[in-house]
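Numbering (the numbering used here), first residue to last: 111 to 1054.
C-beta atoms are modelled at their ideal positions from N, C-alpha and C, and glycine is treated no differently.
Here's the structure, in C-alpha cells; my notes come after.
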C-alpha cells in the first residue's frame, strides 16, 4: 500500500496557500507549502534551532534530523499530511505541519476530521508572532481539506506554544496526562477568534507603518553628485527638516575618497554603512532598483520608500516590474511605500522626518493626511499651508503619506496606524480607488468611533498591478456604505481641508441647531440659506450692524453659546471703518474669550478679507474633538460668558481660550464643514448604541440550508423558479403573495376563482414587468366579466399570451410600492438596498444601502435614508404606512443573505407597504456557490 508521504506528485501544488503576512513587529514573512525541493532548507533551518526548542518539539534531545526525518517532513500529499513554512529571504524561519488522525490517534485519511499539529520556530524569530500567523494559515488549510479539529501535545514548560494555542480564540479543551498537556480545539472561526485575529492584524500593520514613519536611521539611495535631482533634493529635505536620527547618502558612483555630501556621510553602497539602517529612500532608475533592494535586504533594512517611476503607471511591462519589486521586498521582510511615491512626512518632535519632495517641513499639528498621487499630495499640503498662513491660522500635520502606486502599503495600513496614534486627532484621505472595500469599511468604522475620518473618494479603478477583486457596486452605493461606517465623504480637496480643520479645532456639535450672528446682514442671510440647504436648523441671523465693537461680538457670542437651544455658532464678520471699529487682534480675542466660556460648542467664523483676524483666531491648543456633556443652565456664570478682556490682557497659558477658532472665506464653505461635523456627531452618538440583529423564532435556517443545497446540486449558479423562491423565502418568514399563470382567459378566470376576487392581472414579460405605466397591469378586477375584458385588452395591446406571460394575483391592501434588494459583492460583501418602486429608484437612483448583517437601528435608518421617505410617513395628508413591518421585512432579508451566502442576489418588487402590514407581490432569487471571503480567512497581504 502506498503511504501518503509517497503520494505528493498525485496532488497539484496548492499555490493558493502561498501568502505574505505582516508579523507582530511590523516585518513581513512569506508562508508557503513545504515541498520535496526544501530538504536542504529544512536541514539548515533545523541546525539554527536551539537544543531547548528541539526538545520542546520532540520531547527528547534531538540534535539533528535523520534522512528519514527529512524525507517525512518534506513529502506531503497536501490532504492528509501538510507542512507549511514561514520564510524570509527564501530561508525557513518556522514550520508547522498537521497529520490527519483517526479516533484511535493513528494516521488516517478522509473522512477522518481530526489532525495533530506541531510547530517549530527559530529562536531568533520567536516573539514575532510567527507561530500565531502559521496557526491561522494551517487552520484554514485544514478546514479546506475537511479537518474540523486540531489536537496538540505540548510539554508544560513550553509556555510560549501553549499561549499560542490558548490565545487564538478557538473553542478548546485541555487535559494533562503522562506529563504532557493535550490541547484540542475546533477550527470553526468564532467571534473571539476573529476578534483576536483582527486585533493582531491592527497591531502588526500599525507597527509596520510606524517603522517607516519613525525610523532611527535613514539612507537616501541615488543622491546625485551635483546639486538638484530627486535623491539630492530629498536628502536636503530630510537634513533641513531637522531629522533627529542618523542620515546617510548612497550612490555607487561616488568617488572612493568621497566621505560626505552636503554634510551627510556618503557611501557607495548600503553595505558600507556601519550599523543598522531602518529606512531606505530609493531614487534610482527603475532598472537599478532590484539590485538596490537586494543590498537593502541583505543589510537588514526594515522598510523602503521608492520614489522611482517606471512601474505600473507606464504600462504592462511596468506592471510586471512592480509585481517583481513587491515580491523582492517582501522576500526580505521589508514593507515599501510606492513606487512612484511623493514620500512621507512625520512632524513629531522626536522624529521630524521629511522624506518627501516637499521642500518645506509642514507645521506640526494633529491632522494625518494620506494621498496616492504626488499631485494630490502637493495640493493637500499647499492648501493646508495656505490655510495656516492666512485663513485659519496655525493648524498642521502629524503624518503625511503619499503612496504613489501603493503597491504594498495602502490607505488601509495607514488607517491601522492612525487608529491608536496619539499624535493624530483627525484623518484626511484622498482615495483615488478603494482596493478592498470590505476591509476599508471595517477599519473605517472602528477608526471613526475614535477620531474623525474625512475622505475624498475617487472613481478610479483598483491600484495598477494590485491583485484585488474590483467591486461591481456603483460609486454612489460605495459612498453610502462609507457613510454608514462613519466616514465623512466630501467631494473636493477644499472641502476635505475645510472639514478637517473644523474637526481638528472644535468640539462636535450636539445637534443641528445653529445660531448666526455678525456685523453683516447679507452675509448672515447667505449663511442662513446655506444652513437650510445642508439640512441644518438655523435661527434667524442676529445683525450686530457694522458699528459693532469687539465687546458687542463678545457679548452676543457668549449669550448664543449659553443658550440651550443652540448647538453651534456661525459668526459673520466684514471689515469695518471707523473710530469704534475693532481691530483684527481685538475682535479675535473677543471671540476666543467668549468661546472659552462654553468649550463644548463649536464656533466658526465667516470673514471677508480678514487675514489678520484669521491668524489671530488660531492660537490652537489640543485639537482632539470632544463631545462635552452639558447640563442646562451650567454653561458659564449664570449662563453668560465671563467679562471680555481687551487685547493685551491674555489669559494664562494653557487656559481654555487657547482653543483655535476656524475661519472661512465663504459662508457655503463654513456651513458645509459644519454640516459634516453635525453628521459625524450624530453617527458617533448612534454608534455608541449600534442596535442588535433580532432573532425570529419562525426562521427555519436548517430547512433553508437543505433546500439551497438541493437547488445548487442542479448547477453552479441559477435563478430559481417562482415556486422555489416562495418556498425559500417562506423559510425566513417572508410570504410572497401567490400569482397563478393565466395562459388563456379561461385559465385566468379559474385562477381568480381560486384566489378570490378582487384580483390583479399582470403581464410578466421582461419588457412589461413592473411597468404599470405602460398598461401591463390591471388592478381591482371585481368579477369575471371585468377580468375577461382586461385580458382581451392586454392581448390586443401587447400581443399573444405567450409573449405577455400573464398572471393573476389577489389584490393586496393599497399602500406605497417599494423595492428591497440584496446582493453579494465580491469586494464589499453583502449589501441590502431599499427604495420606492418605479421612477424614484430607477430614474433618480433614490436608493439607500446598508452592509449586511443589518441591525434593528440600521433598518430604521435605512427606511428613512431615501429622499422620498416622507411618502411613507403621511406626506401632504396621506395615511402613514406600517414602517415597523417594513423594517422587519428588511431584517429578515438581511438574515437570509447573512446566514446563507449562497443567496447571491434577491429582489422583492413590488413590496406594498400598507397602513397595516406589507405584501410582497414579486420576488426573484439567485443562488451560486458563495464567493470567497478574505475577511474570514487568515491574515494575508494583497497578492502579486
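Can you tell me whether residue i is helix, strand or coil according to DSSP?
i: residue 160; result: coil
i: residue 337; result: coil
i: residue 957; result: strand
i: residue 105; result: Nothing can be reported for residue 105: it is not among the residues displayed for the chain, which extend from 111 to 1054.
i: residue 464; result: strand
i: residue 593; result: helix
i: residue 347; result: helix
i: residue 1020; result: strand
i: residue 450; result: coil
i: residue 320; result: helix
i: residue 479; result: strand
i: residue 1047; result: coil
i: residue 1036; result: strand
i: residue 186; result: coil
i: residue 172; result: coil
i: residue 711; result: coil
i: residue 792; result: helix
i: residue 165; result: helix
i: residue 327; result: strand
i: residue 935; result: strand
i: residue 874; result: coil
i: residue 510; result: strand
i: residue 198; result: strand
i: residue 617; result: coil
i: residue 1010; result: coil
i: residue 668; result: helix
i: residue 271; result: helix
i: residue 704; result: helix
i: residue 531; result: coil
Could you tell me which of the options sits nearest to residue i, measuring between CA atoms?
i: residue 201; options: 175, 139, 512; result: 139
i: residue 665; options: 254, 703, 932, 677; result: 703
i: residue 958; options: 601, 1027, 593, 495; result: 593
i: residue 510; options: 545, 474, 273, 241; result: 474
i: residue 870; options: 844, 845, 898; result: 898
i: residue 818; options: 801, 842, 795; result: 842
i: residue 873; options: 884, 864, 896; result: 884
i: residue 684; options: 697, 943, 423; result: 697
i: residue 608; options: 291, 263, 787; result: 787
i: residue 892; options: 953, 246, 920; result: 920
i: residue 417; options: 437, 483, 377, 427; result: 483
i: residue 970; options: 802, 845, 924; result: 802
i: residue 287; options: 795, 263, 275; result: 263
i: residue 381; options: 611, 648, 634, 361; result: 361
Sorted by chain position, which residues of the same chain lie with C-beta nearer than 6 Å to residue i's C-beta, five sequence neighbours on each side aside?
i: residue 173; result: none
i: residue 442; result: 199, 407
i: residue 463; result: 353, 456
i: residue 1032; result: 1019
i: residue 136; result: 317, 318, 321
i: residue 259; result: 224, 296
i: residue 1029; result: 847, 922, 1022
i: residue 332; result: 341, 393, 394
Which residues in the same chain have their Cβ closer than 7 Å to the Cβ of residue i, if we skip the five residues on either side of it in sequence?
i: residue 984; result: 990
i: residue 640; result: 777, 778, 781
i: residue 1038; result: 826, 827, 1012, 1014
i: residue 785; result: 644, 645, 646
i: residue 363; result: 335
Using a Cβ-Cβ cut-off of 8 Å (strictly less than) and excluding sequence neighbours within five positions of residue i, which residues of its own chain qualify?
i: residue 741; result: Residue placement at residue 741 is poorly supported in this model, since its pLDDT is 38, which falls under 50; the coordinates still yield a value, given next. The answer is none, since no qualifying residue turns up.
If residue i sits next to residue j, beta carbons under 8 Å apart, how far is it from one beta carbon to the other, in whole angstroms?
i: residue 586; j: residue 551; result: 15 Å between Cβ atoms; not a contact.
i: residue 606; j: residue 600; result: 5 Å
i: residue 186; j: residue 144; result: 7 Å
i: residue 221; j: residue 193; result: Between residue 193 and residue 221 the Cβ distance is about 22 Å, and since that is not below 8 Å, they are no contact.
Can residue i be considered in contact with the ligand PLP, in the sense that its beta carbon sits closer than 6 Å to one or more heavy atoms?
i: residue 365; result: Only the bare structure without any ligand can be found here, which leaves the ligand PLP out of the picture.
In the stretch 624–656, which residue ranges form an unbroken beta strand (DSSP E) of at least 3 residues, counting only runs that do not cross its ends?
none
Report the residue ranges of all alpha helix (DSSP H) runs contained in full by the stretch 542–568; include only those spanning at least 4 residues, in chain order.
547–558
Where in the stretch 798–871 do unbroken runs of the alpha helix (DSSP H), each at least 4 residues long, occur, reported from the N-terminal end onward?
811–822, 832–840, 855–865
For the stretch 412–456, which segments carrying the alpha helix (DSSP H) assignment without a break, of at least 4 residues, lie completely within its bounds, in sequence order?
426–441
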